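One structure is given below, encoded as structure tokens.
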Amino acid sequence: MNSSTTPNSEMQSDVRTPVIAFDGAITTVTVPLPNRCFAFSVTFLLNHEKLLSLAKEKPPLHFHPYQEEFITVLEGRLAVEVEGVEHILTSADGELSIKPWTNHRLYPPPHKDGESVTRFLLSGVDTDETYKLDELFFENWYGYQDAVFVHGEAISIIQVMSMFDAGGSYMSLPVWIPFSKTIARAMGVGLGRWVGGFLGYQPYYKKWSTDWGLACRRMKSTFLQRRFAIDDKVD
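All the letters of the sequence shown, read from the start, carry residue numbers 32 to 266 under this note's numbering.
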């Protein structure tokens, strides 16, 4: 885990329409940041009933083999777990670097009276890989979480693995398993991309994708996902 300093700016120019999830509990806005594949200003409303109801539900522990990710807290506190150790970050900590192949996850901090907002900058470097962490992945991931946690759709581990694979991300296995990260990546590709594609699970959906053309081009690169890449598809 490395940290450095990055400008703590509002970065309001050229922002995109926000992605709002969990009935407004989480807002993600794309912001310009040089030399990064993606950059989002993320806001957690800590007192929102949806976040409070999910306080004991941490997101999946995962890793990215190809991209370095960066986290900078702008307001409040943020919990970040890195290789099993929880860190509570504030703006005083500067920029946190999550190196490739590092098991991690981030989530709202343990609730404290008087705290109402956590706001942080999430960004990452680019990669030549077709599937990667970027705006398209986050749109679909937040859209699917809304379908499950807000609208009551049954969660599917194959769907999650399909979307994670499309984001160049793989769910972590216990560290005591030999070659756990290599096995986890193979499972993510095999189950998420190939088995998921055969069973009809898409990595991207038109209803959640701002750039559906990009989603189609990526899905056309995989044999069992090509059938989902229909430009006039209606979900």
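Even for Gly, the Cβ is constructed at its ideal location relative to N, Cα and C. Everything numeric in this text was worked out from a predicted model, so none of it was measured.
Query, Result
"Whole-angstrom distance between Y236 and G228, CA atom to CA atom", "13 Å"
"Burial state of S84 (16 or more Cβ within 10 Å)", "exposed"
"Span of the alpha helix (DSSP H) around L83", "E80 to S84"
"Assigned secondary structure, I119 (DSSP; H/G/I helix, E/B strand, else coil)", "strand"
"At least 3 beta-carbon pairs within less than 8 Å: the region 135-147 vs the region 161-168", "no"
"Contact check, S203 vs F101, beta carbons under 8 Å", "no"
"Nearest-angstrom Cα separation, counted from T149 out to E143", "Correcting the residue identity first, residue 143 is Lys in this sequence and not Glu. Between K143 and T149, the C-alpha separation is close to 12 Å."
"Through-space distance from I57 to T213, alpha-carbon basis", "32 Å"
"Residue from F71, P96 and S240 whose Cα sits closest to the Cα of E170", "S240"
"Run of the alpha helix (DSSP H) containing S211, from where it starts to where it stops", "S211 to M218"
"Alpha-carbon spacing of F259 relative to A123, whole angstroms", "45 Å"
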